[in-house]
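Let me begin by presenting the structure, written as structure tokens, before commenting on it.
Numbering (my numbering), first residue to last: 297 to 472.
What follows is the structure, given as structure tokens:
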């Protein structure tokens, strides 16, 4: 009684193999999309991290610079070595060098150059120091010029000398 209703013979078709291929292909495509999504998300997160790191470093640098400027301002405000005019500061420097007080002479320079000037004075031969002092004595007699804001002053002959007005109201030598 073949072909009767309720006959439970297995019917072989090619459908089971097609059904197993579709889910496999579907899983492959979904897996590829997930892998692509994870890769793109990783690249985006890596770039975001790099941007954050650069911004954080920039903020740290800005804060460090701000702290340095505040510290320098406080030191400059407390500094009392110098004259009320650039010429007075230069005269005080010359007198200190003539006395051989190089420590005092170096204090008439701005804070950043004091150590450099002290080392220079200590290592210079006496004849070089005398020559520079002679030129500086001539320099005091020459007129200089102020910057537009009045906080810097320069004399150019016979020896170049630049000065800076400190917040405490005294003039300091920038370079000679």
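Every residue, glycine too, gets a C-beta built ideally from N, C-alpha and C. All figures in this text were calculated on a predicted structure; none of them were measured in a lab.
What is the residue span of the beta strand (DSSP E) that residue i lies within?
i	result
residue 468	467 to 471
Would you mind reading off the limits of the alpha helix (DSSP H) that contains residue i?
i	result
residue 397	Unbroken run through residue 397: none, as it is neither H nor E.
residue 414	410 to 419
Which class does residue i belong to by DSSP, given the choice of helix, strand or coil?
i	result
residue 431	helix
residue 441	strand
residue 455	coil
residue 378	coil
residue 460	strand
residue 338	helix
residue 327	helix
Could you say which of the options lies nearest to residue i if we only look at CA atoms?
i	options	result
residue 407	462, 341, 420 and 347	462
residue 426	439, 442 and 395	395
residue 423	413, 442, 414 and 393	393
residue 454	383, 350, 361 and 433	433
residue 430	387, 441 and 414	387
residue 456	338, 343, 441 and 464	441
residue 389	413, 366 and 369	413
residue 458	366, 342 and 382	382
residue 487	465, 377, 365 and 385	This structure cannot speak to residue 487, because the chain is shown only from 297 to 472.
residue 391	367, 368 and 428	428
Touching by the beta-carbon criterion (3+ pairs, under 8 Å), the stretch 401 to 409 and the stretch 437 to 448:
no
Does the structure place the stretch 428 to 447 close enough to the stretch 372 to 380 that three or more beta carbon pairs sit under 8 Å?
no
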